Each structure stands twice: as C-alpha cells, then as structure tokens.
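**Student:** Let me give you the structure first, and then I'll get to my questions.
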Amino acid sequence: MSKELDVSWFDLKKYDALAELDLSGWQRQIEIRQLISYDLEKDSCYDAGDYSASELFKRLKKNPIWTGGTREWDIGRTLNKYPFNTHSVYSTPALFEWFNGNEDRLHHIWECCENVYSQNIEDEKQEDLINTPYDLLIQQAGIGESGKFTNVTVDLTATDEQILGDFKYWLSEYRKATGCESNKNNFSNKDLSCWHKLRLLPYIDVILISPVMELLQHLKKGNEGLVAKPMTQARIANLIFPDYQHIDIVDKLRRTTKPKVEQLFKDKTLKAIEAQLSSSI
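For the sequence shown, numbering that gives the first Met the number 0 begins at 0 and goes up steadily by one.
Structure below.
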C-alpha cells in the first residue's frame with residue numbers, strides 16, 4: 000500500500016530571502032543540508048538533540064533559510080590567537096592530534112609503535128608501518144576530510160633558503176602523490192543569483208526532507224508497512240517551478256536544476272566556498 004508524499008509544508012515563498020544572501024549565507028545553507036545527509040547515511044536521524052536530522056527537518060520546514068550555526072568546530076576562530084598562523088599554514092592544534100589519536104581505526108598503528116619503539120621488537124613490516132606518513136594512514140582509514148589538512152615536520156635549524164626550497168618541493172610532490180589540488184573556483188554574485196534563479200535549495204529540500212519526514216511520521220504511528228510513493232520528476236517540477244508553466248519545466252529541472260544541485264552538493268564545492276570565505280577575512 001502506498002500514497003503520495005505529503006509536501007504541504009513546502010512553500011516556495013519562504014525561499015525568497017535567498018536573493019539577499021551573500022556567499023557566507025549560502026555556505027551555511029549548503030553545510031546544514033550536508034550535515035543532514037551525513038546523519039541519514041549514519042542512520043542517526045533518530046538521535047536526540049538539537050542537531051539530530053529529525054530536529055533539523057522540523058526547523059527547516061518552518062523556515063528553510065537556516066540562520067543558526069552548526070555543530071562543526073571552526074578552526075578560523077582560533078587562528079588569530081597566534082601571530083605565526085596564517086589561513087593556509089598554521090601550527091597543528093592539539094585537537095587535531097587528539098581527534099585522530101583516539102580513533103579505534105588507528106589502534107593497530109599505536110600497537111606497532113609500542114612494539115618497535117618501547118619493546119625493541121624487530122619487525123620490518125611494523126617498522127615500515129610506523130614510519131608511514133601519518134596523514135596517509137589517516138586517509139587510508141577514512142578519517143577526517145580526505146586530505147584537506149596535513150601535518151608537516153620542519154627542522155628549524157636548517158636555513159630559510161633550504162626550508163623554503165624543500166617545502167616547495169614537498170608540496171608539489173605531495174599534491175601529485177595524494178591527488179589533492181588547490182581550490183581554483185571563485186564564486187561571484189552572478190553564481191549566487193543563478194543558484195537562486197534555478198531554485199537549487201528548494202529542490203534539495205524537496206528531495207531530502209519530504210521522504211524522510213514521511214518515514215518518521217509512519218514509524219511514529221507504527222505504520223512500518225506503509226510506504227509513500229517516490230516523487231515523480233513532474234511533481235517535483237510543479238513544486239519548484241509553478242510559475243514557469245509556459246516552458247517544459249520537467250526538462251528545465253532535468254537539464255539545469257538537477258545537475259547544478261549535484262555540483263553544489265559536492266564536498267569539494269563547499270570546501271572551495273569555505274576557502275574563498277577564509278581568504279577574504
């Protein structure tokens with residue numbers, strides 16, 4: 000048994016304020032929806048707390064323009080405390096080491112370190128493992144932000160010329176080895192206007208919020224067997240573009256809005272936005 004998804008909460012007028020948002024405002028909208036998507040992947044939408052997916056859904060249904068913060072820790076707030084820190088190069092905070100050092104997925108690494116260093120156990124494989132660059136182990140374990148940050152040890156007794164030359168070489172070769180490229184995208188007011196015109200955020204909310212809220216309501220009522228029909232492209236198009244009936248709105252949705260949403264929702268796009276915002280501080 001199935002029925003149509005309830006989208007009575009959706010009101011396109013609530014998104015009018017997007018026209019006034021700057022890049023920072025858009026970054027906040029994308030980030031909160033990525034957070035919801037991440038929680039759904041972890042099946043944590045039922046978690047208690049203000050930042051559980053179910054609670055975020057309720058808040059976005061009332062007002063889709065997110066004005067609060069997120070639970071993510073902001074490194075930018077602490078950079079300026081130390082005069083030697085810059086946006087792209089700064090001393091590794093203790094939090095980074097604590098976060099990764101307490102990961103169970105790295106437990107076998109610490110055991111190898113204990114075996115080789117403290118107990119003088121000679122084992123070539125273990126020695127190779129403990130001398131593997133720390134950040135490569137982090138990436139292999141799937142921890143952190145896929146190589147966005149890295150740790151570098153610098154011998155300050157070397158000359159400035161050698162350090163700068165060696166760092167330039169290391170940076171070039173490390174980027175090649177890890178495939179991590181610098182952000183080259185720049186977002187202008189023209190981009191923001193395009194995102195608003197193509198109604199990217201309303202589309203994200205319709206496909207992200209509606210099915211999950213329906214599921215939560217069914218489970219709450221004990222109707223596990225009652226499944227709502229997936230929304231058709233035509234129904235979504237009518238919700239997103241009710242004032243564009245003079246054109247093929249399904250084609251517009253398929254050819255413009257959907258591809259743009261897929262691009263906007265990628266991690267690398269949000270990182271590029273964050274990098275641009277940080278460089279302008």
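C-beta: ideal position from N, C-alpha, C; glycine also.
None of the values given here were measured: they were computed from a predicted structure.
For residue 121 and residue 103, I'd like the C-alpha separation in whole angstroms.
**Tutor:** Answer to the nearest angstrom: the Cα atoms are 24 Å apart.
**Student:** Mind the definition here: the region 111-130 touches the region 83-92 only if three or more C-beta pairs lie below 8 Å; say whether that holds.
**Tutor:** Contact fails: fewer than three Cβ-Cβ distances are below 8 Å.
**Student:** Give me the Cα-Cα distance between residue 110 and residue 130, rounded to the nearest whole angstrom.
**Tutor:** The alpha-carbon atoms of residue 110 and residue 130 are separated by roughly 13 Å.
**Student:** What number of angstroms, rounded off, separates the C-alpha of residue 5 from the C-alpha of residue 233?
**Tutor:** Going by the C-alpha atoms only, they are around 15 Å apart.
**Student:** Quick one: using the 10 Å Cβ neighbour count with 16 as the cut-off for buried, is residue 81 buried or exposed?
**Tutor:** It is exposed - the Cβ of residue 81 has fewer than 16 other Cβ atoms within 10 Å.
**Student:** Among the candidates 108, 188, 247, 117, whose CA atom is the shortest distance from the CA of residue 20?
**Tutor:** When only C-alpha atoms are compared, the closest one is 188.
**Student:** For residue 198, is the classification buried or exposed, using 16 other Cβ atoms within 10 angstroms of its Cβ as the cut-off for buried?
**Tutor:** Buried: at least 16 other Cβ atoms inside 10 Å.
**Student:** Considering only C-alpha positions, which residue in the set 255, 190, 65 is nearest to residue 13?
**Tutor:** Out of 255, 190, 65, 65 has the C-alpha closest to the C-alpha of residue 13.
**Student:** When the cut-off is 7 Å and only beta carbons count, does residue 264 lie next to chain D?
**Tutor:** Although the question refers to chain D, the structure presented lacks it and comprises just one protein chain.
**Student:** Helix, strand or coil: which one does DSSP assign to residue 271?
**Tutor:** Three-state result, residue 271: helix.
**Student:** In whole angstroms, give me the CA-to-CA distance for residue 254 and residue 149.
**Tutor:** Spanning the two alpha carbons is a distance of roughly 38 Å.
**Student:** Below 8 Å on the Cβ atoms is my guess for residue 272 versus residue 22; work out the distance and round it to an integer in Å.
**Tutor:** Correct: roughly 6 Å between the Cβ atoms.
**Student:** Between which two residues does the alpha helix (DSSP H) harbouring residue 108 extend?
**Tutor:** Unbroken alpha helix (DSSP H) run through residue 108: 106-112.
**Student:** Pull up the CB-CB distance for residue 118 and residue 276, whole angstroms please, since I reckon it's below 8 Å.
**Tutor:** At roughly 48 Å, the Cβ-Cβ gap does not stay under 8 Å, so residue 118 and residue 276 are not in contact.
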